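Under this note's numbering, the first residue of the sequence shown is numbered 197, with each subsequent residue one higher.
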Amino acid sequence: MTPAATDVTMPLARFAADLRHDAIPAEVRERAKLLVLDTVGIAVRARHDTDSTPPMLEAARALGLDHGTARVFGERDGWSPAGAALVNGALAHSLDFDDTHAPASLHPSAPVVPAALAAAEMAGKSGADALVGIVAGYEVICRISRALIPSEHYDLGFHPTATCGAFAAAAAAARVLGLDAERTADAFGIALSEAAGSLQFLANGAWTKRFQVGHAAMAGLMAAVFASKGYRGAAPAFEGRYGFFHAYARNPAPERAVAGLGRDWETTGIAVKPYPACRAMHAAVDGVIQLRARHNLVEERIRSVRVGLSETALRLVGLPQDQKRAPQNVVDGQFSCHFGVGVALREGRFGWDDYAAHIGDARTNAILAKVEVAHDAAAEAEYPRQFSAAVEVETTDGVRDRVFVPIPKGEPENFQTAEELRAKYAALVLPVIGAAQEARLFQAITGMDRGSVAAIFDAAAPATPDPTRKTA
197 MTPAATDVTM
207 PLARFAADLR
217 HDAIPAEVRE
227 RAKLLVLDTV
237 GIAVRARHDT
247 DSTPPMLEAA
257 RALGLDHGTA
267 RVFGERDGWS
277 PAGAALVNGA
287 LAHSLDFDDT
297 HAPASLHPSA
307 PVVPAALAAA
317 EMAGKSGADA
327 LVGIVAGYEV
337 ICRISRALIP
347 SEHYDLGFHP
357 TATCGAFAAA
367 AAAARVLGLD
377 AERTADAFGI
387 ALSEAAGSLQ
397 FLANGAWTKR
407 FQVGHAAMAG
417 LMAAVFASKG
427 YRGAAPAFEG
437 RYGFFHAYAR
447 NPAPERAVAG
457 LGRDWETTGI
467 AVKPYPACRA
477 MHAAVDGVIQ
487 LRARHNLVEE
497 RIRSVRVGLS
507 ETALRLVGLP
517 QDQKRAPQNV
527 VDGQFSCHFG
537 VGVALREGRF
547 GWDDYAAHIG
557 DARTNAILAK
567 VEVAHDAAAE
577 AEYPRQFSAA
587 VEVETTDGVR
597 DRVFVPIPKG
607 EPENFQTAEE
617 LRAKYAALVL
627 PVIGAAQEAR
637 LFQAITGMDR
647 GSVAAIFDAA
657 APATPDPTRK
667 TA
């Protein structure tokens, strides 16, 4: 493969370096703040209610990353900026409840928001500065993933949220730190050595999916800081002979990374998840909930459920079917369409607390055994614009009905109401910080372009210190 002909590195670097608050359309800024709200809510809950969090914190502390003035969501104590970016990025991705961009097939906020906030803490920048950096990061991550051709990137075994996330975090942090275009390009070149993320976690429900997104946030922050001190990065990072598009893609379309840059905003194409699982199964869950309500379905009446997905979605959440019908842990469930459909049939919803209730439950497993997931031509025709799904249910008393869900709930064309977004966020944080702080945190984030980053972390922290934290 020859090097990509389209210039990508410098146009993206100039865009990030030159982006200003008043140049971002108001609707883009407002959407970005809602995405930050969603991300922080997830991270706060994950800090206190995720199996992978205690060993992650213990390891980060053993490495000395917990000494400094940066903050971790849900904690009052200080961390190093790198440590805060790592932990916050992993927390934001730990529930698999974080936002998605369908054409880019990744989760933009988890690597971007922690890097921008840590950079703002380092440099004493405002909430408005952090918000501009976040938008810069969103635009970079969505564009470079689209240029890779996400389905081919997946085929090679890469996790684009992590690989593309390192560059996006670099763009976000570079903008917050005030780097010019040349230094931002250096940050991209440094991040090129750190861009990593493997799909092998699918084989055994590993926690590496969470870690590698946190690593992307930390790697991008480090790349920007190195560049700010004059450290030279590989160039050009994206289109070079050994650059990102050459090494991580088969048939990249680099023009997608810069088309409409500064005019067409990918940020408004980011969706918010209603269910804490891989986005590839959401349309199926939507369809099952519709059919359940339409026919007053109870589990005893279910004879069979057939779900049709695109090929990419099928590989992620449908195959191998025997494994997907018997999830052993949360990560297994997050990537099992069978599990999401089974929970939705039993409960009429699918939320974070359903993992504890349904993983290994005999009644739920009996439903999973009746679920068949296969390729669907209509869903394929919608991909990668949407993760669509066809769902057909047959009952023991002769009811047979089918729905096709072209646009899952949460996509820009089918976005949540303000009340639905607040309800998701509140359900996550209320058990951790209580009602008064939930309201404070909501105001701090939705008003972040008029306030401080410190106000967000202060409101996200429980009133009492972490009893597990060892003090010097």
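From the three backbone atoms N, C-alpha and C, an ideal C-beta is built for every residue, glycine too.
Since the model is a prediction, treat every value here as computed from it, not as a measurement.
Same chain, Cβ closer than 6 Å to residue i, five either side skipped, listed in chain order
{"i": "D292", "result": "P472, A473, Q530"}
{"i": "N525", "result": "G401"}
{"i": "R342", "result": "P299, A300, R452"}
{"i": "A588", "result": "Ala is not the amino acid found at residue 588; the sequence shown has Glu there. Counting only Cβ-Cβ distances below 6 Å, and skipping sequence neighbours, we find R502, R598."}
{"i": "A430", "result": "G385, L388"}
{"i": "G274", "result": "G264, T265"}
{"i": "V534", "result": "Here residue 534 turns out to be His, not Val, going by the sequence shown. K520, R521, L564, V567."}
{"i": "A668", "result": "Residue placement at A668 is poorly supported in this model, since its pLDDT is 36, which falls under 50; the coordinates still yield a value, given next. Answer for A668: no residue qualifies."}
Through-space distance from residue j to residue i, alpha-carbon basis
{"i": "P199", "j": "E495", "result": "Note that P199 has pLDDT 44, beneath the 50 cutoff, so the model's placement of it is unreliable and the number below is only indicative. Going by the C-alpha atoms only, they are around 55 Å apart."}
{"i": "A655", "j": "E615", "result": "21 Å"}
{"i": "R339", "j": "H491", "result": "42 Å"}
{"i": "E348", "j": "A476", "result": "16 Å"}
{"i": "A433", "j": "G385", "result": "5 Å"}
{"i": "E609", "j": "I220", "result": "21 Å"}
{"i": "A239", "j": "V625", "result": "9 Å"}
{"i": "T591", "j": "H571", "result": "22 Å"}
{"i": "A266", "j": "P277", "result": "5 Å"}
{"i": "E435", "j": "V204", "result": "6 Å"}
{"i": "T249", "j": "I563", "result": "31 Å"}
{"i": "M197", "j": "R545", "result": "Confidence in M197 is poor, its pLDDT being 38 and thus under 50, which makes the residue's placement unreliable; the coordinate value appears in the next sentence. About 47 Å."}
{"i": "E271", "j": "L373", "result": "24 Å"}
{"i": "P658", "j": "A242", "result": "13 Å"}
{"i": "S290", "j": "V268", "result": "14 Å"}
{"i": "R596", "j": "D295", "result": "33 Å"}
{"i": "M644", "j": "I652", "result": "8 Å"}
{"i": "H528", "j": "G426", "result": "The residue you asked about is not His; residue 528 is Asp in the sequence shown. C-alpha separation (whole angstroms): 44 Å."}
{"i": "L253", "j": "L259", "result": "10 Å"}
{"i": "A580", "j": "L302", "result": "The amino acid occupying residue 580 in the given sequence is Pro; Ala does not appear at that position. Using only the alpha carbons, I get a separation of about 11 Å."}
{"i": "T642", "j": "F611", "result": "18 Å"}
Assigned secondary structure, residue i (DSSP; H/G/I helix, E/B strand, else coil)
{"i": "M197", "result": "Note on M197: pLDDT 38, under 50, position unreliable in the model; no value is reported."}
{"i": "S394", "result": "strand"}
{"i": "R499", "result": "strand"}
{"i": "F600", "result": "strand"}
{"i": "V569", "result": "strand"}
{"i": "T296", "result": "strand"}
{"i": "A614", "result": "helix"}
{"i": "V587", "result": "strand"}
{"i": "G504", "result": "strand"}
{"i": "G274", "result": "strand"}
{"i": "L515", "result": "coil"}
{"i": "R267", "result": "strand"}
{"i": "A467", "result": "strand"}
{"i": "L493", "result": "coil"}
{"i": "L417", "result": "helix"}
{"i": "F531", "result": "coil"}
{"i": "F546", "result": "coil"}
{"i": "F354", "result": "strand"}
{"i": "T667", "result": "A caution first: T667 carries a pLDDT of 42, below 50, which makes its placement in the model too unreliable to give a value."}
{"i": "L373", "result": "helix"}
{"i": "L624", "result": "helix"}
{"i": "L344", "result": "helix"}
Contact set for residue i: own chain, Cβ-Cβ below 8 Å, skip 5 residues either direction
{"i": "T404", "result": "S394, Q396, F397"}
{"i": "Q582", "result": "A298, A479, P602, I603, P604, E607"}
{"i": "G353", "result": "S394, L395, Q396"}
{"i": "L457", "result": "P207, L208, F211, E335, R339"}
Candidates the options: closest to residue i by CA position
{"i": "G410", "options": "R267, S347, A574, L287", "result": "L287"}
{"i": "A585", "options": "L493, S506, A365, L512", "result": "S506"}
{"i": "T202", "options": "F611, F441, Y579", "result": "F441"}
{"i": "L510", "options": "A364, A573, D557", "result": "A573"}
{"i": "T380", "options": "S290, D557, R210, Y579", "result": "R210"}
{"i": "L233", "options": "D247, A369, F422, V309", "result": "V309"}
{"i": "R406", "options": "A489, A443, A358, D550", "result": "A358"}
{"i": "L261", "options": "D245, H244, S532, N284", "result": "N284"}
{"i": "I337", "options": "A324, A312, D351, A367", "result": "A367"}
{"i": "H355", "options": "G547, A319, A631, L512", "result": "L512"}
{"i": "A255", "options": "L282, L231, D245, H244", "result": "L282"}
Sequence-distant residues of the same chain with beta carbon closer than 7 Å to residue i, five excluded per side
{"i": "R371", "result": "A212, A213, L215, V328, G329, A332"}
{"i": "M418", "result": "A278"}
{"i": "T560", "result": "G538, V539, R542, H554"}
{"i": "A316", "result": "D325, A326, V372, V649"}
{"i": "A640", "result": "G647, A651, I652, A655"}
The ligand ZN heavy atom lying under 7 Å from the CB of residue i
{"i": "F434", "result": "What this structure holds is no ligand at all, so the ligand ZN is not there to describe."}
Subject >> Validate contact between the segment 566–574 and the segment 455–473 using beta carbons, cut 8 Å, 3 pairs >> reply: No, the segment 566–574 is not in contact with the segment 455–473.
**OP:** Tell me, please, whether the segment 640–651 touches the segment 497–513 by the rule of three or more beta-carbon pairs shorter than 8 Å.
**Re:** Taking 8 Å as the limit for Cβ pairs, the verdict is that the segment 497–513 does not touch the segment 640–651.
**OP:** Give a yes or no on contact between the segment 223–243 and the segment 443–463, applying the rule of three or more CB pairs nearer than 8 Å.
**Re:** Using a C-beta cut-off of 8 Å, the segment 223–243 makes contact with the segment 443–463, since at least three inter-stretch Cβ pairs fall below that distance.
**OP:** Taking 8 Å as the threshold, find out whether the segment 625–641 comes into contact with the segment 235–250 through three or more Cβ pairs.
**Re:** In the pairwise beta carbon analysis, the segment 625–641 is classified as touching the segment 235–250: at least three pairs are separated by under 8 Å.
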